[in-house]
Amino acid sequence: MFENFSPSTMLAIKKYAYWLWLLLALSMPFNYWMAQDSAHPAFWAFSLVIAVFGIGPLLDMLFGRDPANPDEETQTPQLLGQGYYVLLTLATVPVLIGTLVWAAGVFVAFQEWGWLGRLGWILSMGTVMGAVGIVVAHELIHKDSALEQAAGGILLAAVCYAGFKVEHVRGHHVHVSTPEDASSARFGQSVYQFSLIHISEPPRLL
């Protein structure tokens, strides 16, 4: 779909399209609001998961590959120097932490969920924190600014994955694709096998 767009047009579109992450966070209060008067509140608890893992891949197929990335030597330094992108990433911290705390309150207070609805609510909030929180945190912990690194650490701590901040930078990037790297799958290992092993292993800090 975007293959015929010029690189400059795509970069301009993506500059503002990055704010679409807000849709995931805002969908949580929207789904709660819809569930209150619904005969099937559990559906609304699961609706974000359904959208991300059901509709998301279809949209990915429709839009196709991104034809443009900024040039590493000329455009990337200019983009990094813009405060706009710092604001874009740092804004995720108060929004996501606030949404997480609010969602925890809803989980306790809204009795109409039932066990199925509560499961869906947990998975939906986990999807928000994973799809946005961990992805943005990964970018932030690579920055030179102490503020951005701290923000990345806060997001990782919020998903009980604080060790990633150290393991990723001092472990993965040092030992990438070697037996010492806990974040690299072994040859022939499926994503499911790797995920089970990686999640169960403690982080390797050095």
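Everything in the sequence shown is counted per UniProt numbering, starting at 1 for the first residue and increasing by one.
Beta carbons are placed, not taken as given, at the ideal position from N, Cα and C, and that holds for glycine.
Just so it is clear, the structure is predicted and the values come from calculations on it, not from any experiment.
Taking the runs of the alpha helix (DSSP H) that are 4 residues or longer, which of them lie wholly in the UniProt domain "Fatty acid desaturase" (114–196)? Qualifying alpha helix (DSSP H) stretches, in chain order: 114–128, 135–140, 146–158 and 164–167.
When you compare each of Thr127, Tyr32 and Met10 to residue 220 by their alpha carbons, which one comes out closest? Nothing can be reported for residue 220: it is not among the residues displayed for the chain, which extend from 1 to 206.
Val159 and Gly130 look like a contact to me (Cβ under 8 Å); what is the Cβ gap, rounded to whole Å? On the sequence shown, position 159 is the one that residue 159 refers to. On the sequence shown, position 130 is the one that residue 130 refers to. With a contact defined as Cβ atoms closer than 8 Å, Val159 and Gly130 qualify at about 7 Å.
If Val93 and Ile154 are in contact, beta carbons under 8 Å, what's the gap, nearest whole angstrom? For the purposes of this step, residue 93 is identified with residue 93 of the sequence shown, where counting begins at 1. For the purposes of this step, residue 154 is identified with residue 154 of the sequence shown, where counting begins at 1. Yes, Val93 and Ile154 are in contact; Cβ-Cβ is about 6 Å, under 8 Å.
Thr92 lies in the alpha helix (DSSP H); which residues open and close that run? The residue labelled residue 92 in the question sits at position 92 within the sequence shown. Looking at the DSSP string, the run of the alpha helix (DSSP H) that includes Thr92 is Thr92 to Ala109.
Take His40 and list the residues in its own chain whose beta-carbon comes closer than 8 Å to its own, dropping the five residues that flank it on each side. If you number the sequence shown from 1, residue 40 lands on position 40. Taking C-beta separations shorter than 8 Å and ignoring five residues to either side along the sequence, His40 has no partners in its chain.
Is the region 95–112 touching the region 23–41, taking contact as three or more C-beta pairs under 8 Å? The region 95–112, when compared against the region 23–41, does touch it at the 8 Å Cβ threshold.
For Met28, which residues in the same chain have their Cβ closer than 6 Å to its Cβ, ignoring the five residues on either side in sequence? For this step, residue 28 is matched to residue 28 along the sequence shown. Annotation for Met28: Thr99 and Ala103 place their beta carbon closer than 6 Å to its own, counting only its chain and skipping 5 residues before and after.
Please state if the CB of Ala25 and the CB of Leu96 are separated by a distance shorter than 8 Å. For this step, residue 96 is matched to residue 96 along the sequence shown. For this step, residue 25 is matched to residue 25 along the sequence shown. The answer is yes: Cβ separation under 8 Å.
Just how far apart, CA to CA, sit Lys143 and Gln149? Within the sequence shown, the letter at position 143 stands for residue 143. Within the sequence shown, the letter at position 149 stands for residue 149. If you draw a straight line from the Cα of Lys143 to the Cα of Gln149, it comes to about 6 Å.
So which of His198, Ala137, Phe164 and Leu123 has the shortest CA-CA distance to Phe46? As a first step, residue 46 must be located in the sequence shown, where it is residue number 46. Ranking the options by Cα distance to Phe46, first place goes to Leu123.
With a threshold of 16 other CB atoms inside 10 Å of the CB of Asn31, please say whether the residue is buried or exposed. Looking up residue 31 in the sequence shown gives position 31. Flag for Asn31 reads buried.
Taking Asn4 as the reference, give the member of Pro67, Gln75, Gly54 and Leu147 with the closest Cα. Within the sequence shown, the letter at position 4 stands for residue 4. Asn4 has its Cα closest to that of Pro67, out of Pro67, Gln75, Gly54 and Leu147.
In or out: Gly171 buried (at least 16 other Cβ within 10 Å) or exposed? For the purposes of this step, residue 171 is identified with residue 171 of the sequence shown, where counting begins at 1. Classification of Gly171: buried, given that the 10 Å Cβ count is 16 or more.
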